[in-house]
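Just add 567 to the spot in the sequence shown (first one is 1) and you have this note's numbering.
Quick reminder that beta carbons are idealized off the backbone N, C-alpha and C, glycines included.
Since we're looking at a predicted model, the values are computed, not measured.
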Amino acid sequence: PPPPPLPLAPAHARGGGPPPGRAPGAEMQPDRCLNVCLVGDSGVGISSFLRAYRDIEGGSQPDAQIESIIACVELDNEPYCVRFTDNAGSSYFESLAGTALSMAHVVLLCFSMDNPESLRHVQEKWFPLFWSVHSEAPTFLLGLRSDLCAKAGAQIVDDVEAAEFALQHGALAFLECSSRFPETVRRVLDEVLAAAKEYYGLQWQLRHDRVRPEPARRRHSVEDAREDVVEGAPWVRHERLNIVEDPRSLDEATASKNLSVLGVTPTNHHAYLRLDIPDLGLTSLDAVRRYQHLQFVNVSKNQLRSLEPLGALRCLLHLNASYNLLIRTQSFAASESLETVDMSYNMIGKLGEWGVHKFLRELNLRGNFIDKIGPGLRRNAELRMLDLSENNIPHIENLDGLGLRTLFLAQNELTSLEGVGTLPKLQVLSVRHNNITSIAALRSDDVPRLRKLFVSENRISRIQEVEGLQSFRFLCDLSLVPNPVTKLPHYRAQVIHRLPRLRSLDSEAVTAEEKVKADLIYGSDVEERREIFEQLLPEETFTDRRLVTEEGIAKMELEQFGRQGDAGQYGFTLSEQQEAVQQPDRTIMQDAKLRQRLMQARLGGQPAGVCELVSFAAPFASARVTDEDIPEVLEAVAEGCVTSLILGAAPISVGGVREILAFLREAPHLRHVDLTGCQAVGQIGTEIVHGFPFARGCSIEADKSGLSRQNVERLRNRTAEGKEALKQLEQERMRTQEMMERFMKLQEVLKEEAAENRHQDSPPPPPPHLCHPLKWRDGIEGPAQAALRGFRAANPRGLICADGPVSVDGGSRCWSIRCKDNSKREFNMDEHQALKLQRNSMFEEWGCEPVENWYDGVGEYEEGEDLTDRIKALLPGRPLPEAFLAAFNNVMQDDSFLGFMVWEGIEPSQEVVREVRRQREEWEAAWAQKQQRMGALSAAARKLYDLPMRSSGVESGQLVAHFTYLRLGGILSGKDSLRPSSDFGLKRFSEEPLRSPQGGHLLQEAVSSGKVTIESVTGTDFLLRLKLRNNTSDGLEVTIPRGTVFQHVDWEHRQNLMVSVRYVVGVPAGEVVSKQMKAYCMNLTCACSEGNPMALTDFYCDDAGVLVSQGLVWDHFERCFGHR
C-alpha cells in the first residue's frame, strides 16, 4: 500500500490574506521557507507535476505553464512554507537561474522517461548549471511521465541506467512518477521535502567564505528606466499576455461582487473603497480600471504577471499583491499616496525604485529572488517596516538615514551586521537563518533603541558576542537558539547574567527565579555572605556551597571545547569531533557530495584539471576518501584527464598509497598528488622516493606526513627536468583540445558522409554539386577547391560574354565556357537568367534568408575590393562558408560562379530534367557498386577473423574491413586485399593475451568462457555503454583493460572506439550490470557514434605512447591510414 498522504495544503487554501488596511505580513505564516527548484528541458512534464501537486485537472488550459507556487506543509509537526520554482515556465528564469538555484534547499533535475535525449541534457546542461552556483543543496534525479513507458514503441530510459546516472552525479536518489497517478507524486514529495528540511536545519554550518555565484547583472534607478523601453527585456515577454495566456481575466461581475467599504472620495462622492479578489486564479485585471477611487486592494494568490491596470487607481493606499508571478516591483504606475505594499512570494529579482512613494510606511518583499539591496529606498523617509526575508541578500546596504523601526532579513546570505548602524531608530531586527559569525558590528551608539534581536540559526560561537549587547538599555527580547554558542554549559544562565534586562530569551520568558540562579552562579553576594559569616562565626571557615560556579563553568568549557567561552565554529565538543574522525561510514549527503566531486573530475575537474577531495563547505558535506574509494577515484581521474589530485590527510592505508603511486607511474595525465598529513606516506617514505617517476614531472605534497624535510622537498620535484615534462604535457593537452574542437565542428559533414556510405537497402539522394555551399564547409572544401582550380585553368577569363543586340527571345547575346571534356558550351540570355535563378535557389537551400532585391548584387565596387561584408548583409541567415566567400568574392555579380555551376554539370536548358535523371541513375549505380564492394570486403574480413572465434562472442572482422577501406582512401576496386591488423598497430588477445588480474577476469576471458555474456554495447560520442550478465552463481570482477577495441557491427562509417581507462566492473551473481566507459575515437575522418550498437573485438592497443591523449590516438591511426 502507498504511504499515508502528505498533509499538503496549497497556498490558496489558506484564505484571502490580511485585510488590505493591515500591515503587509500581518497574516500568520510559517517563519521557515523551503525552496524547491525544478530544472529540466521544456516539455518534460514539470508543469504537469506541479499541477498534480496542486490537484489541478487543467480544464481549458492543459498546457499552461506553472512557474511558481507556494504551499504550506507540516513536516514533523512543524509548519513550513514551501516554494516550488519551475525553470521552464518562463524565459525570465535564464536571468534568475543562479539566484534560484543558490537559494534552493533541494533541486530536482527533471527529465521525461520516454525521452532519453532529455536525460542527456540533464548531464550536459542542468547539472553543470547547478554546479556553477556552488550550492551544497541536495539533488534528486526525477523521471517524469513514467506512465508513458508502457506505450508501444516508445523509446524509454532504463530504470537501472537512470539510478546509476543519479548515483554517479551525486544525486541523493533517482525518483520517478506520473502526474496521472497522484500517489506517485506524493511519494516523491515525501522524500524531497524530508531532504529539504534536513538541509535547512544544516545550512548554518556552511562556511561564510565559501564560493558564491556572481550576482546577476544589476540595473538600478536610471538604468531601470532605460530597461523599460527595451523591447526585448525579459519582463516585456513575461508580462505581455496573449489570449491563450490570459484565460482568467477579471470581469465586471466578479469585481462588483467583491467591492466593500462604502466611503467618501476626495471629490465628495460616495464610492466603494475596498476590493478583495484573492485566490481566483486571475491572470489580468483590466476590469479594475473603472473603480478609480479604490483605496484598499487585495489581489493576492492569483496568477498575475503585471499590475498595470492598477495605475488607474490614483487614490490607492494599501496594496496586497502577494503570491503572484510578478517579476518587477514597478510593474504599474502606482499612486504616489501608497502607504503599505505587500509583494511577498512573487518572482521579483531586484528591489526597484520606490522614491516616488513618499508616504510609504510598510514594504513587504519577503520570499522573492532579490540578491542586492539597491538604492531604490533612499528617498523613502517615512518607511517604518521593511521585510526582505527569504531572499538572497549578502550585505546590508543602501539603507542610510531611513527611519526604519522594524527590519526583517531572515533567511538570506548575510555574513555580518555591517550596515545596520545607519538605522538609528531601529527597534526590531531579525536576521535569523543567515551565516553570521559575529554581531560586533551592532553598537548601541548607532542603534540605541533596539528592543528585539533575533539572530538564531547562525554561527555565533563566543559568549563575548553576548557581552557586547550589555550597552543596549532597551533590549528585552533576544533569540539565539540554535547557534554554536548555545552549546556552552549553562548557556541560558550565562546570557541572563550578562543581560539582566531581558524579558524573553529564545522565545521563553526569563523568570525571576532564573535571574536569581544566574546571580548565585556568578556569586554576586558571595563576598557579602562571607563577611557576615566571619563576623558571626569568626572561628569557623566559610564554605561556598554553590553547585555551579563561574569557575566551574569555565572548567567545563575547557573540558568540552578546549577553550573558554567559545564553542567553536560548529559547536562540536572534543568528544564529538573525535567520534567524527573515527566514524568510518559517510552519511547519504556526504556520499552524494563525494560522488559529485568525482563526476566533476570525470568531466575534466573543477577547476579544470583538478580533483579536489579535501575542502568542503560544511561538516555535513565533508566526505573523506578511504581505501575502498581509491579505485573509483583513480578511475574518475583517468577519465577526466585530471593532472592534480588533492586528498590531504585522507585516512588511507599503506596499500592505498601504493595503489596511488602505481597509478601515478602509469597514468598519462596525472602529475601531482597532495597527501598533506597522510600518515601512511611516512611509513613507506623510502620506498616512495626510490621508485618515484621524477622524469615525468610527477610530484607529491607530503608535508606533515612523517617524512624528513629533505624527502618532502625532493618529492615536490621542482627540477628543470620536471618543469619541462609538465610543459610538454600542457602543450599536448592544448593540441588535443584544438583537434577535438575542429573534429566536433566537422560532425555535420561527417554524419552526412556516414549516411551516404552506410549499408542500407535503398540509395540516399545524390550529393550536391561541388559548386553548392554544402561542399565548401570547413574541413571538406578540398575537392571543391580542386574543381574550381580546374575550371579556372580551362577558363582563365571565366564565363565569356559575347555582347550583341538583345532580341525578343533573348537569343542574340550569348555566353560561353570550355567544359570538362574540352567542348565549348554556349547559352543565351534566357539560359543565363535561368542559371541565376538556380543559383538563388541554391543559396536559399543552404539556409540564407535573402533581403529584398538581393539578386541585384552588391552594387558598385572597385576591383580587388573585399566584398564579404556586403554579401553577408545581402544574404542574412546561415552564413556562407568562409572558403566559399574567399573563392567567389562577389558571388552575386561575378559570372565566373555561374560558369563554375555549368562546369559542375548544372544545365539551364530544357533538358535539365533528363540531365538530373541521368545524374541520379549514375549516382545510384555507383552507390550500389560501392555497397557491393564494401560487402565483399566485410565478408572476407569476417571469414578470416570471426569464423574461427564464433563461439567466443567476439567479432573483429568489420573493424579490419573498415580500416582497410580507410587505408584505401575510400576507393574500392572490387579486388581489394585486407590489410593485416598489425598495419594499424593492433594486437590480438587470442595471440598475445594480457596477464589476468589477481582475483578477477579479463573481459575477453570472461566472455569466451561463458561466465559473462555481453547483453549490449552502444557507442555515443566518446563513451561506451556496456551491459554484462553474470552467468555464474558467484560474484565476478571483470576488468576491461585500457586499449580494448570495440567495432561497429556493420558499415556505419562512424568512429570505432577504444577504451581509454582501465575499468574494473563488479557483476553480482546472476545479475546484469551496466557500465559507462570513456573511450578514444580511432578514426578522425568519421562521425561520432550516436547510440549505435557495437561489438567487442579481439584487438587491443598497448602502446603507452599512443594512449596518452585523443590527439595522439588520432595521430597514430591517421598515419596508419596514410592520411598524414
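Output needed for residue i: all residues of its chain with C-beta closer than 7 angstroms, excluding positions within five of it in sequence on either side, in chain order.
i	result
residue 1037	1065, 1066
residue 763	601, 603, 672, 673
residue 1101	1109
residue 1621	1321, 1615, 1653, 1654, 1655, 1656, 1659
residue 1569	1561, 1563, 1606, 1608
residue 890	578, 637, 867, 868, 912
residue 1726	It is not possible to answer for residue 1726, since the shown part of the chain is limited to 568 through 1691.
residue 1030	1052, 1055, 1061, 1132
So is residue i buried or exposed if we call it buried at 16+ other beta carbons inside 10 Å?
i	result
residue 834	exposed
residue 667	buried
residue 1514	exposed
residue 599	buried
residue 1247	buried
residue 885	buried
residue 1192	buried
residue 1683	buried
residue 1041	exposed
Where residue i and residue j are concerned, what is the direct C-alpha to C-alpha distance, given to the nearest angstrom?
i	j	result
residue 862	residue 1001	37 angstroms
residue 1182	residue 888	44 angstroms
residue 542	residue 1347	No information on residue 542 is available, as it lies outside the stretch 568 to 1691 that the chain covers here.
residue 1207	residue 1172	7 angstroms
residue 939	residue 1314	44 angstroms
residue 836	residue 643	54 angstroms
residue 1256	residue 1529	47 angstroms
residue 1090	residue 1116	7 angstroms
residue 956	residue 736	32 angstroms
residue 873	residue 895	8 angstroms
DSSP state of residue i, grouped into three classes?
i	result
residue 653	strand
residue 1661	strand
residue 1133	strand
residue 1165	helix
residue 1271	coil
residue 1301	helix
residue 1139	coil
residue 600	strand
residue 859	coil
residue 768	helix
residue 968	coil
residue 1647	strand
residue 627	With a pLDDT of only 36 at residue 627, under 50, the local geometry of the prediction cannot be trusted, and no value is derived from it.
residue 1548	helix
residue 640	strand
Using a Cβ-Cβ cut-off of 6 angstroms (strictly less than) and excluding sequence neighbours within five positions of residue i, which residues of its own chain qualify?
i	result
residue 1097	1109
residue 1361	1385
residue 1351	1337, 1342, 1343
Within the same chain, show all residues whose beta-carbon is closer than 8 angstroms to that of residue i, passing over the 5 residues directly before and after it, in chain order.
i	result
residue 855	817, 822, 842, 861, 864, 876, 877, 879, 880
residue 949	925, 926, 927, 928, 970
residue 519	Examination of residue 519 is not possible in this model, given that the chain is present from 568 through 1691 alone.
residue 1590	1643, 1644, 1645, 1646
residue 829	837, 838, 839, 840
Just checking, does the stretch 901 to 913 make contact with the stretch 923 to 930 on the three C-beta pairs under 8 angstroms criterion?
-> yes
Assess, as a yes-or-no matter, whether the stretch 1126 to 1137 is touched by the stretch 732 to 750 under the definition of 3 or more beta carbon pairs within less than 8 angstroms.
-> no
If we count Cβ pairs, one from each stretch, closer than 8 angstroms, do we get three or more for the stretch 1298 to 1305 versus the stretch 1214 to 1227?
-> no
Is the stretch 1209 to 1218 in contact with the stretch 1237 to 1254, if contact means three or more CB pairs nearer than 8 angstroms?
-> The stretch 1209 to 1218, when compared against the stretch 1237 to 1254, does touch it at the 8 angstroms Cβ threshold.
Determine, using beta-carbon pairs with one atom in the stretch 704 to 712 and one in the stretch 673 to 689, whether at least three such pairs fall under 8 angstroms.
-> yes
Check whether the stretch 1635 to 1642 touches the stretch 1562 to 1569, counting contact only when three or more Cβ pairs, one atom from each stretch, lie closer than 8 angstroms.
-> no
Would you call the stretch 1315 to 1322 and the stretch 1651 to 1667 in contact, with 3 or more CB pairs under 8 angstroms?
-> Counting Cβ pairs under 8 angstroms, three or more are found: they touch.
Would you check if the stretch 950 to 964 and the stretch 980 to 990 touch, i.e. whether three or more CB-CB distances between them fall below 8 angstroms?
-> yes
Given 8 angstroms as the limit, is there contact between the stretch 1013 to 1023 and the stretch 1120 to 1127, that is, 3 or more CB pairs closer than that?
-> no
Spell out a yes or no on whether the stretch 1527 to 1541 and the stretch 1501 to 1514 are touching, meaning 3 or more CB-CB pairs, one atom from each, closer than 8 angstroms.
-> yes
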